[in-house]
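For the record, the sequence lines run as chains H and D. When we follow numbering that gives the first Met the number 0, the leftmost residue of the first sequence carries the number 0, and every step to the right adds one. When we follow numbering that gives the first Met the number 0, the leftmost residue of the second sequence carries the number 0, and every step to the right adds one. No residue lacks a Cβ here, since even glycine has one placed at the ideal position from N, Cα and C. Beneath this line is the structure, given in structure tokens, with notes to follow.
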Amino acid sequence: MELKKEKLLGFYETMMTIRAFESKAVELFADNQLPGFVHLYLGEEAVATGVCASLTNKDYITSTHRGHGHLIAKGGKVDLMMAELFGKATGYCKGKGGSMHIADVELGILGANGIVGAGQPISVGAAFACKYKKTDSVAVCFFGDAASNRGTFHEALNMATIWNLPVVFICENNLYGISNCQRDHMKVTDVADRASAYGIPGVVVDGNDVIAVYEAAAEAIERARRGDGPSLVECKTWRWRGHFEGDPGAYKDPEEQAAWLKKDPIPRFEQKLVELKYATKSELEEIKAKVEKQIDAAILFSQNSPYPNPEDALTDVYAE
Amino acid sequence: MMKEMTYAEAIRDGMRLEMKRDPNVYIWGEDVGKFGGCFGVTAGLVDEFPGQVIDTPISETAIVGAAVGAAAAGLRPIAEIMFVDFMGVCLDELFNQAAKMHYMFGGKAKIPMVLRTPCGGGMGAAAQHSQSMEAWFTHIPGVKTVMPSTPADAKGLMAAAVRDNNPVMYIEHKQLLGIKGDVPEGEFIIPLGKADIKKEGSDVTIVAWSWMVHKALAAAEALAQEGINAEVLDPRTLVPLDTESILKSVGKTGKLVIVHEAVKIGGYGGEIAAMVAEEGLDLLDAPIKRVAMPYTPIPFSPALESCVIPSEEKIIAAVKSLF
């Protein structure tokens with residue numbers, strides 16, 4: 000697939016935005032500025048970036064508890080996201096949702112989700128709506144390897160396939176469900192093998208190679224868009240941090256961790272961009288500086304924003 | 000113009016008119032198509048609305064979960080769960096997803112969906128097909144709970160439930176599907192949160208819903224023979240609850256008996272009793288009584304089942320104990 004410079008630099012900017020957002024979240028959480036739980040996407044940036052590059056605002060995604068990367072890649076606004084992490088009134092959810100419940104329905108983001116596997120049937124419903132309304136929109140469902148052990152996975156994939164719905168299931172296989180390694184909880188090595196049970200394509204890609212993710216996802220999304228039904232794309236990747244901030248991840252083999260850190264998707268992509276002369280090092284530095292400035296501004300905006308008023312706790316329980 | 004219909008026909012008429020009015024309204028569930036639903040409520044609709052009435056696999060989690068996604072993406076699903084007892088299989092989709100998305104997302108998402116499901120005993124269906132679980136749903140902020148007792152209420156509340164922008168549990172009663180009553184033809188809406196006095200009276204207020212309204216009415220008739228003039232108040236929707244009408248009635252009669260088929264402990268009757276105690280204790284001249292299912296699963300044998308479901312006799316005894 001021949002990709003234009005502009006598109007590739009767009010990938011880079013998205014990956015760097017996620018990296019900067021999450022890196023700052025590490026510091027802010029350690030500094031007690033972020034309440035609650037934060038599950039970070041560091042190391043997995045290539046997946047959300049490569050997948051969402053083929054989506055428009057009319058397409059839907061369902062995300063997970065580890066959702067910041069998906070939201071940014073789908074066009075979510077980093078200042079509103081950051082303010083939500085702070086629990087401020089200016090946040091995406093007015094401080095009522097927090098990290099695990101950020102949504103932007105206008106952008107087709109049907110929410111991060113605190114329940115593992117819950118996004119799977121929701122994405123099927125969104126895809127049903129796309130087909131029912133005779134649009135060419137699609138839904139993409141992000142979920143982890145461990146979420147493929149939930150019953151929602153089976154029910155959602157079965158329903159999506161019998162009706163040939165425009166949905167793409169993106170498994171982010173970071174090899175760990177909280178503290179448990181995939182090999183201890185699954186007989187198969189590849190979650191993609193499970194696709195055959197539903198009679199749909201299942202492919203495995205290097206989830207730390209943004210181009211590989213982009214190509215596999217683009218094909219699956221295009222297939223869904225033209226009415227040929229669902230597919231499952233498994234992106235092999237690695238979660239750098241613990242399950243949540245504060246979890247030191249002591250259950251992981253340090254050698255495995257070190258080996259995966261070497262596969263960091265960002266330097267790999269930088270190298271490719273420079274070697275293939277899509278960008279110079281200084282151009283990449285400029286992008287990096289730009290996104291870091293953007294995240295700093297988002298933090299400042301969040302810090303300077305007010306907390307919600309006590310009475311706001313009781314609004315939005317029911318829609319008008 | 001009124002037309003005599005069964006409760007099942009009235010529910011169907013309510014859904015039919017909503018599907019006609021708004022093509023984004025659709026029905027899905029197990030066997031709701033050619034089979035017409037396990038209790039025949041959707042009979043014929045698939046022929047009238049092909050593509051708008053969809054048979055799903057036996058996948059309650061996906062039925063509700065995908066309805067949430069479809070609602071978030073702009074449709075207005077009516078999802079059928081064959082028995083309310085099956086809600087345990089898909090509860091997360093209701094209570095952590097549908098109910099909370101509007102709130103968690105800061106008011107930016109709307110989940111307009113109706114979950115239709117039949118409840119109740121009296122047909123020897125045993126412990127997994129006879130329960131009354133409404134109290135579960137009333138304990139979830141973000142969900143509304145509707146329990147019609149008559150054909151007219153069934154139709155009017157269905158229209159209101161479909162047009163509501165929130166998840167609504169629409170709980171039918173299996174024993175009521177065949178009862179007949181006059182129902183307004185054409186568009187007919189009963190706003191959620193409005194109680195109905197099914198029989199006026201002055202001596203005692205009996206609050207009852209769903210099947211129990213009919214038992215309360217029969218009890219009231221028998222009590223009248225003994226000189227006790229009971230008022231039967233049907234809240235029709237448990238959330239939102241028409242507290243004003245309940246307090247007004249209790250203010251008139253000074254006595255309150257609450258009847259529900261669900262298990263007494265943790266039942267919604269406790270909530271109504273507490274509400275009256277908190278807001279209208281001085282209106283009462285006798286203790287509040289509850290008539291409800293004892294704390295037991297529902298037995299199979301009709302000889303046993305009839306012992307645990309609140310009866311006319313138990314309602315009469317509870318009322319008389321206050322005089």
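- Scanning the region 78-109 of chain D for uninterrupted alpha helix (DSSP H) segments of 4 residues or longer gives 98-103, listed from N- to C-terminal end.
- For Glu-230 (chain D), the three-state secondary structure derived from DSSP is strand.
- For His-172 (chain D), the pairing in a beta bridge is given by DSSP as D:Cys-118.
- Here Lys-179 (chain D) is bridged, per DSSP, to D:Thr-5.
- No residue range can be given for Lys-263 (chain D), since it is assigned to no alpha helix (DSSP H) and is classified by DSSP as neither H nor E.
- Within chain H, Pro-120 have C-beta atoms less than 7 Å from the C-beta of Glu-92 (chain D), given in sequence order.
- In this structure, H:Leu-8 is the residue among H:Lys-3, H:Leu-8, H:Glu-1 with its C-alpha nearest to the C-alpha of Ile-286 (chain H).
- Identification of chain D residues near Cys-92 (chain H) by a Cβ-Cβ cut-off of 8 Å yields Met-103, Phe-104, Gly-105, Lys-107, ordered along the chain.
- It is roughly 41 Å from the alpha-carbon of Gly-121 (chain D) to the alpha-carbon of Leu-164 (chain H).
- Val-187 (chain H) has its alpha-carbon roughly 28 Å from the corresponding atom of Asp-91 (chain D).
- Not one beta carbon of chain H lies nearer than 8 Å to the beta carbon of Gly-120 (chain D).
- When DSSP states are grouped into helix, strand and coil, Asp-46 (chain D) belongs to the helix group.
- Here the alpha carbon of Tyr-25 (chain D) sits roughly 35 Å from the alpha carbon of Glu-83 (chain H).
- By the rule that beta-carbons nearer than 8 Å mark a contact, Ala-71 (chain D) touches chain H.
- Rounded to whole angstroms, Glu-199 (chain D) and Phe-322 (chain D) show a C-alpha spacing of 19 Å.
- Under the three-state reduction of DSSP output, Glu-233 (chain H) falls in the strand class.
- Put simply, the CB of Met-158 (chain H) is near chain D, with a gap under 8 Å to one of its CB atoms.
- In this structure, the CA atom of Leu-222 (chain D) is about 31 Å from the CA atom of Met-1 (chain D).
- Proximity of chain H to Gly-28 (chain D) at the Cβ level (cut-off 9 Å) is not reached, the minimal Cβ distance being about 12 Å.
- Interface residue (Cβ-Cβ distance to chain H less than 8 Å): Ser-58 (chain D) is classified as such.
- DSSP places Met-211 (chain D) inside the alpha helix (DSSP H), whose first and last residues are 210-224.
- Linking Ser-209 (chain D) to Val-209 (chain H) through their CA atoms gives a straight-line distance of about 57 Å.
- DSSP places Met-292 (chain D) in the uninterrupted beta strand (DSSP E) bounded by 288-292.
- Proximity to Glu-3 (chain D) across D:Lys-263, D:Pro-298, D:Gly-185 peaks at D:Gly-185, based on C-alpha coordinates.
- Chain order gives the chain D residues near Ala-117 (chain H) as Gly-64, Asp-91, Glu-92, Asn-95, Gln-96, where near means a beta carbon separation below 8 Å.
- Chain-ordered listing is empty here: chain D has no CB closer than 9 Å to the CB of Leu-27 (chain H), the nearest sitting near 21 Å.
- Chain-order list of chain D residues neighbouring Phe-142 (chain H): empty, with the shortest C-beta distance near 13 Å, by a criterion of under 7 Å.
- Interface residue (Cβ-Cβ distance to chain D less than 8 Å): Ile-161 (chain H) is classified as such.
- For Leu-41 (chain H), same chain residues with a beta-carbon under 6 Å away, outside a window of 5 residues either side, are Glu-21, Trp-239, Arg-240 in chain order.
- Contact annotation: the region 197-205 of chain H does not touch the region 59-74 of chain H, with fewer than three C-beta pairs closer than 8 Å.
- For Glu-243 (chain D), the uninterrupted alpha helix (DSSP H) segment begins and ends at 242-252.
- For the region 155-167 of chain D, residues whose beta-carbon sits nearer than 7 Å to a beta-carbon of chain H comprise Asn-164, Asn-165.
- In the DSSP assignment, Ala-217 (chain H) falls within the alpha helix (DSSP H) that extends over 209-224.
- Around Ala-70 (chain D), the same chain offers Pro-76, Ile-110, Pro-111, Met-112 as residues with beta carbons nearer than 7 Å, after the five sequence neighbours per side are excluded.
- Here the C-alpha atom of Gly-268 (chain D) lies approximately 21 Å from the C-alpha atom of Lys-173 (chain D).
- Within the region 190-202 of chain H, no residue has its Cβ closer than 7 Å to any Cβ of chain D.
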